[in-house]
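Undergrad: 13 is the number of the first residue of the sequence shown in my numbering; add one for each residue after it.
Below you will find the structure I want to go over with you.
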Amino acid sequence: MSRHKVPLRDGIPAASAFVGWDRPLQTYFAQVLSAPDEDGEEIEIVWAGTAFGELPRAVHAIRVLEPYCHIEASLAAQLEIDRMACLATRDGPNQLEAKAFMARFSQMKDGSEPEA
């Protein structure tokens, strides 16, 4: 997994923004977070790329951030390098079980029968 901090545009009511590649979910992600509240928790203003394959290309994550952030020309290339750097990495037993659980949960939520 990679994670890069992206500079915010002036006047954006947020504290930080991040973009990266999530190998287990096979998706890029984009986050824009508020300043911590009184409990110290950051609130997600934007969080895309939380589902398997949701943002398959770097440009998709960058488009999510464009209204909030200054995007450097080299960011898309760096994100693609991040993705390529983990192509040979395989899921471990915990990731495989988590993916199976997520698939069963998704089926139950959709009203279909879980696979045996």
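Glycine included, each C-beta is placed from N, C-alpha and C at the ideal position.
Helix, strand or coil, according to DSSP, for VAL44 in the structure here?
TA: It is a strand residue.
Undergrad: Specify the secondary structure class of ALA73 as computed by DSSP and reduced to three states.
TA: The answer is helix: DSSP assigns ALA73 an H, G or I state.
Undergrad: Using CA coordinates, which residue listed in VAL76, LYS111 and ILE74 is at the minimum distance from LEU37?
TA: Of VAL76, LYS111 and ILE74, the residue nearest in Cα terms is LYS111.
Undergrad: Given this structure, state the Cα-to-Cα distance separating SER118 from VAL18, to the nearest angstrom.
TA: Straight-line Cα distance between these residues: approximately 32 Å.
Undergrad: Please say whether VAL76 and ALA89 have beta carbons closer to each other than 7 Å?
TA: Contact: no.
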